[in-house]
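In our numbering, the protein residues as written are 95 to 758.
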Amino acid sequence: MTQSEASAARPAEPDVVPASPGHARSLNSQIRSLLLECPSQQQFYEKVLQVCARQFSATVGRVDFHVGDAPQSRIVHDSRLARNLADRFSTEYLAPLSQEVQKLANPEPRLKRYERGDQKMTLISAPVLDIARNRTAGAITLMLGGGNWKSDVVLARLDGLAAVVSTALVAKAGTLTHNSLQSARPASANSTSPEHRDASKPVVPAAARTTDPAQKIAEAAALAKSADFRSTRELGFSLVNSLCTQMQAEQVFFGVAANQRIQVEAASGVADFKASSPGVALVRQAMEEALDHQNVIVSQPQPPENMTSLPIHQKWSADNNHACVCSIPLPHGDEIAGIISVRRPSNRPFTGEELEKFERSLKPYGAALRVVEKANRSVKAQLQAAVSGSVRRNLAAGSVGRKVLMGLCAVTLLWFCFGAMTYRPLCQSRVTAAELRHFSAPFDGKLRQVHVRPGQKVKQGDLLVEFDTSELQLELNTLEREIASAQVELRQAISDNDMSAAALTRSRIQVLESRVASISRRIQDARITAPGDGTVVLSDLEQRIGQVFSHGEEILQFAADGNWLLEIEVPDDIVSYVAANQTGTFAAAALPTEKLNFTIQDIDGAAAVMNDRNIFIARAPLASHPDWMKTGMQGTAQVQTVDRPVWWVAMHRAVDWARTNFWL
Numbered sequence: 095m096t097q098s099e100a101s102a103a104r105p106a107e108p109d110v111v112p113a114s115p116g117h118a119r120s121l122n123s124q125i126r127s128l129l130l131e132c133p134s135q136q137q138f139y140e141k142v143l144q145v146c147a148r149q150f151s152a153t154v155g156r157v158d159f160h161v162g163d164a165p166q167s168r169i170v171h172d173s174r175l176a177r178n179l180a181d182r183f184s185t186e187y188l189a190p191l192s193q194e195v196q197k198l199a200n201p202e203p204r205l206k207r208y209e210r211g212d213q214k215m216t217l218i219s220a221p222v223l224d225i226a227r228n229r230t231a232g233a234i235t236l237m238l239g240g241g242n243w244k245s246d247v248v249l250a251r252l253d254g255l256a257a258v259v260s261t262a263l264v265a266k267a268g269t270l271t272h273n274s275l276q277s278a279r280p281a282s283a284n285s286t287s288p289e290h291r292d293a294s295k296p297v298v299p300a301a302a303r304t305t306d307p308a309q310k311i312a313e314a315a316a317l318a319k320s321a322d323f324r325s326t327r328e329l330g331f332s333l334v335n336s337l338c339t340q341m342q343a344e345q346v347f348f349g350v351a352a353n354q355r356i357q358v359e360a361a362s363g364v365a366d367f368k369a370s371s372p373g374v375a376l377v378r379q380a381m382e383e384a385l386d387h388q389n390v391i392v393s394q395p396q397p398p399e400n401m402t403s404l405p406i407h408q409k410w411s412a413d414n415n416h417a418c419v420c421s422i423p424l425p426h427g428d429e430i431a432g433i434i435s436v437r438r439p440s441n442r443p444f445t446g447e448e449l450e451k452f453e454r455s456l457k458p459y460g461a462a463l464r465v466v467e468k469a470n471r472s473v474k475a476q477l478q479a480a481v482s483g484s485v486r487r488n489l490a491a492g493s494v495g496r497k498v499l500m501g502l503c504a505v506t507l508l509w510f511c512f513g514a515m516t517y518r519p520l521c522q523s524r525v526t527a528a529e530l531r532h533f534s535a536p537f538d539g540k541l542r543q544v545h546v547r548p549g550q551k552v553k554q555g556d557l558l559v560e561f562d563t564s565e566l567q568l569e570l571n572t573l574e575r576e577i578a579s580a581q582v583e584l585r586q587a588i589s590d591n592d593m594s595a596a597a598l599t600r601s602r603i604q605v606l607e608s609r610v611a612s613i614s615r616r617i618q619d620a621r622i623t624a625p626g627d628g629t630v631v632l633s634d635l636e637q638r639i640g641q642v643f644s645h646g647e648e649i650l651q652f653a654a655d656g657n658w659l660l661e662i663e664v665p666d667d668i669v670s671y672v673a674a675n676q677t678g679t680f681a682a683a684a685l686p687t688e689k690l691n692f693t694i695q696d697i698d699g700a701a702a703v704m705n706d707r708n709i710f711i712a713r714a715p716l717a718s719h720p721d722w723m724k725t726g727m728q729g730t731a732q733v734q735t736v737d738r739p740v741w742w743v744a745m746h747r748a749v750d751w752a753r754t755n756f757w758l
């Protein structure tokens, strides 16, 4: 084969916009650059092992790989662990798990846990795939301290790192020269014998060999090229643009398969498109038709022999002036990784040989697509894929997990229909002081001084407010002088033996003394003091100093230290289930994590209207008295009322609404 023929068989290079210089390199790019920089395969695996061990803080790490036909291994270990002990762990625990992973028909990461006395350890291993030669190239195995590692987490992360290494190996394979690729071509009988084979050349398994050297070169180039992409979308744009030219097509579409559905990610000649547009939606349905049948689907005026034509492809062809359309699956093991759909003019039908050629050339992209997808997705996506895969396996038809789930659903349904539970309604609540006192103006007077602020804690006897008593004091002084004068008159009348005048004077003195006593009490009441230890609740008086208060007008509120009372707003539709001595928990809106227990003391017999609702106030003393609690705090109370059917607890509000609105 000539060099020009080899170049023609190789797909075109992708049209990818390079990352900006300031963009941080991904782990994929770092490991791939390590491979290209390393002069030998051994050094590459040593660096890969160091990266993986550092990512997991592994106690012992081991990597197994092949150089030609010779298996080799490398280990790293924590500096605090002795070398001989690390070798022992590697031989007894890591090596068997590594061999087990490499021998699996469907390579998947594995996790095992061991216990030695009171010590626990976790082993994880993931295979490294050589996609170009369709084999397992090696394995990365790590020993982690402790036995509490989540399998879905660590296996997903290690599997992602192993996928990155696989793409790096593909990228390295793409740097092989034309001569080294030619060495994979079947040779004469003499050159295929073991003694004549060059050990430095890559060994290709018989299942992976092809008799067409141009096809082999195209497959290797395609795999190497796919490893350079940061997403399946970039890979798709490269494929559709190159295939559109090679297949002389009007348009080529690329879709990725996931959960038996197709997501169209690229279309030739279109930088951006809407997945919901009618044309793209029809292409997606055609791809899913090919996904269901897992075979090449063709629709054209004269289909090739032994080629299937199905209804959705026929509709796609009819909607485009009876164009020639086909869908080619991209297999990966036993599943389909993606679909390539092609549309050509009606005067350029597909031939059977042409379709077989394109199917053969696109086959390697199935495995490469999955590796690129796994290697470049985030840790979160790795975990989601691992969890969803585990769920699908455990809930597959006929699995134990599915039977257990169906059993749990049946038990839950029976409990819902025939079971009972305590009805625990949530009600709005407000905290008040159990002993709340209201202080009012003792007489019509002017406010003189305020000594407290709202929320201030006071002791018994502390002065709260003072009223002006200057006028009262003047009146008191006047009365005292009148009393002194009257007493002089009384003594004069007695000395004159004027009994009637003495009696009148004595009566006037008694009246004056009564007025003095009244004024003295008012002067004493002008100084309002705290009746006990507590908190001033309402005292917005700083701006009202000097104003005149009417007798009985409220001045402040005082909450004595002691019990807190919870006022629960019970709606009228559930008041029949709430009664005294029922218990519950209260959570303040300001501190919802604190749960306080209470027992209902009583409930009003008459409803009150609040926010256009009829409610009944239930009162419940709180069992505890935290320092952070203040009167007036709002919150939610959950009351444990009576046992009711489960279905009623879940649906009674909807049933009551339907009965109220539709008179059922």
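Each residue gets a CB set at the ideal place from its N, CA and C atoms; glycine is no exception.
Using three-state DSSP, classify residue i as helix, strand or coil.
{"i": "G495", "result": "helix"}
{"i": "P405", "result": "helix"}
{"i": "Q728", "result": "strand"}
{"i": "D181", "result": "helix"}
{"i": "R738", "result": "strand"}
{"i": "D253", "result": "helix"}
{"i": "W509", "result": "helix"}
{"i": "S523", "result": "strand"}
{"i": "A744", "result": "helix"}
{"i": "S287", "result": "Because S287 carries a pLDDT of 33, less than 50, the predicted location of this residue cannot be relied on, and the following value inherits that uncertainty. Looking at S287 - three-state DSSP - the assignment turns out to be coil, as it is neither helix nor strand."}
{"i": "N755", "result": "helix"}
{"i": "P665", "result": "strand"}
{"i": "G549", "result": "coil"}
{"i": "T679", "result": "strand"}
{"i": "D696", "result": "strand"}
{"i": "L635", "result": "coil"}
{"i": "G640", "result": "coil"}
{"i": "C420", "result": "strand"}
{"i": "I311", "result": "Note that I311 has pLDDT 44, beneath the 50 cutoff, so the model's placement of it is unreliable and the number below is only indicative. Three-state DSSP puts I311 in a helix."}
{"i": "K689", "result": "strand"}
{"i": "V749", "result": "helix"}
For the candidate residues the options, whose alpha-carbon lies nearest to that of residue i?
{"i": "A412", "options": "T445, V377, L337", "result": "V377"}
{"i": "L449", "options": "A380, V419, F331, D386", "result": "V419"}
{"i": "F444", "options": "I694, G492, T402, P458", "result": "T402"}
{"i": "E94", "options": "D253, F347, K368", "result": "Residue 94 falls outside the range modelled here, since the chain spans only 95 to 758, and no answer is possible."}
{"i": "I697", "options": "S718, T677, A683, V664", "result": "V664"}
{"i": "W434", "options": "S670, P398, S336, P405", "result": "Note on residue identity: the sequence assigns Ile, not Trp, to residue 434. Minimum Cα distance to I434 is reached at S336."}
{"i": "S192", "options": "P165, T326, S134", "result": "P165"}
{"i": "M704", "options": "S614, Q522, R437, E560", "result": "Q522"}
{"i": "E565", "options": "S614, F510, R437", "result": "S614"}
{"i": "G760", "options": "A233, V248, G232", "result": "Here the chain comprises residues numbered 95 to 758, so residue 760 is not present and cannot be evaluated."}
{"i": "A361", "options": "S332, A580, E429", "result": "S332"}
The alpha helix (DSSP H) spanning residue i covers which residue range?
{"i": "N705", "result": "Here N705 belongs to no alpha helix (DSSP H), and DSSP marks it neither H nor E."}
{"i": "E448", "result": "446-456"}
{"i": "R174", "result": "Where R174 is concerned, there is no enclosing alpha helix (DSSP H), given that its DSSP letter is neither H nor E."}
{"i": "D197", "result": "Strictly speaking, residue 197 in this sequence is Lys, with Asp absent from that position. Start and end: 189-197."}
{"i": "A653", "result": "Where A653 is concerned, there is no enclosing alpha helix (DSSP H), although the beta strand (DSSP E) it sits in stretches over 648-654."}
{"i": "T572", "result": "564-589"}
{"i": "R609", "result": "593-619"}
Between the alpha carbons of residue i and residue j, how many angstroms are there, rounded?
{"i": "R621", "j": "L558", "result": "8 Å"}
{"i": "W742", "j": "A701", "result": "25 Å"}
{"i": "R747", "j": "D667", "result": "9 Å"}
{"i": "L205", "j": "E186", "result": "15 Å"}
{"i": "L236", "j": "A152", "result": "6 Å"}
{"i": "I617", "j": "T563", "result": "6 Å"}
{"i": "V631", "j": "G729", "result": "19 Å"}
{"i": "S644", "j": "F537", "result": "7 Å"}
{"i": "K553", "j": "G626", "result": "6 Å"}
{"i": "A673", "j": "R524", "result": "18 Å"}
{"i": "T516", "j": "F652", "result": "39 Å"}
{"i": "W658", "j": "A528", "result": "5 Å"}
Since residue i is in the beta strand (DSSP E), which residue starts that stretch and which ends it?
{"i": "D386", "result": "Taken as a continuous stretch (DSSP letters only), D386 belongs to no beta strand (DSSP E), being part of the alpha helix (DSSP H) at 372-387."}
{"i": "V630", "result": "628-632"}
{"i": "R156", "result": "154-161"}
Please indicate yes or no: does the CB of residue i lie closer than 7 Å to some heavy atom of the ligand ZN?
{"i": "T516", "result": "Of ligands this structure carries none, so the ligand ZN is not represented either."}
Subject >> In chain order, each alpha helix (DSSP H) run of at least 4 residues that lies wholly inside the region 317-349 >> reply: 326-340
Original post:
Which ranges would you report for the alpha helix (DSSP H) in the region 204-250 if only whole runs of at least 4 residues count?
Top reply: none
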